[in-house]
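For reference, the structure is listed below as structure tokens.
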């Protein structure tokens, strides 16, 4: 079956530091890959996505590239802000219709001033 | 923001009582999902629906039932609540197309005492 593994947190950074959150996946066929962000007390918001190999998703300074050869979709941001403090989830949806998402365990990021 | 409303947003109930959570969408999307979020597990799929009266189980469906009598409403019922069902429950919607985004509601916090 499908599975997603992402690095455990919490990750604590200083403002303007570089952020990387690793995500690897196991899936059959050609999944679509997503990063969702959850701010305290809120639901999940789509941060970015990629639907085929070598696609790069980007949004709000965050980027992730769909690497089929390494089955990875690592999230990066060059200069984090305090407002980026949140929980980040890597997820995939399979080839079959219905788009059922399989999530990683989430990575909590805390950015300190 | 996707038009998804969950109710109630917060509920405390006693062990053994039935509980129903409601999800209402205004997007006319075909697919609706219920996930639960627990520390260390990310989000896990409970049940999903691919049309009116068409539902199927997810990976953690034991102890839960669902119903969808209208396109816009998807109900999640805990027939006899247990403490292990204390969690945050998220409804999500999608049009089901491959690679399309799944949108999440704001969550329902359920505590079973």
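Chains as they are written, first to last, in the numbering used here: chain A, 1 to 113; chain B, 114 to 226. In this text, a Cβ means the ideal position worked out from N, Cα and C, and glycines have one as well.
Query	Result
Count the other C-beta atoms from every protein chain shown that fall within 10 angstroms of the C-beta of residue 20 of chain A, then say buried if there are 16 or more, exposed otherwise.	exposed
With 16 as the cutoff for other CB atoms within 10 Å, does residue 78 of chain A come out buried or exposed?	exposed
Starting from residue 6 of chain A, trace the beta strand (DSSP E) both ways and give me its first and last residue.	3 to 6
Pull the bridge partners of residue 16 of chain A from the DSSP assignment, please.	DSSP output for residue 16 of chain A lists no bridge partner at all.
Using Cβ-Cβ distances below 7 Å, what residues of the segment 149 to 160 of chain B are close to chain A?	153, 154, 155, 156, 158
Using a cut-off of 8 Å between C-beta atoms, extract the partners of residue 214 of chain B located in chain A.	34, 46, 49
Taking only beta-carbon positions, decide if residue 43 of chain A is within less than 8 Å of chain B.	yes
Any beta carbon of chain B sitting closer than 8 Å to that of residue 56 of chain A?	no
Assuming the contact rule is C-beta atoms closer than 8 Å, residue 110 of chain A and residue 32 of chain A should be a hit. Round their C-beta distance to whole Å, please.	With a Cβ gap of about 29 Å, residue 110 of chain A and residue 32 of chain A do not count as contacting.
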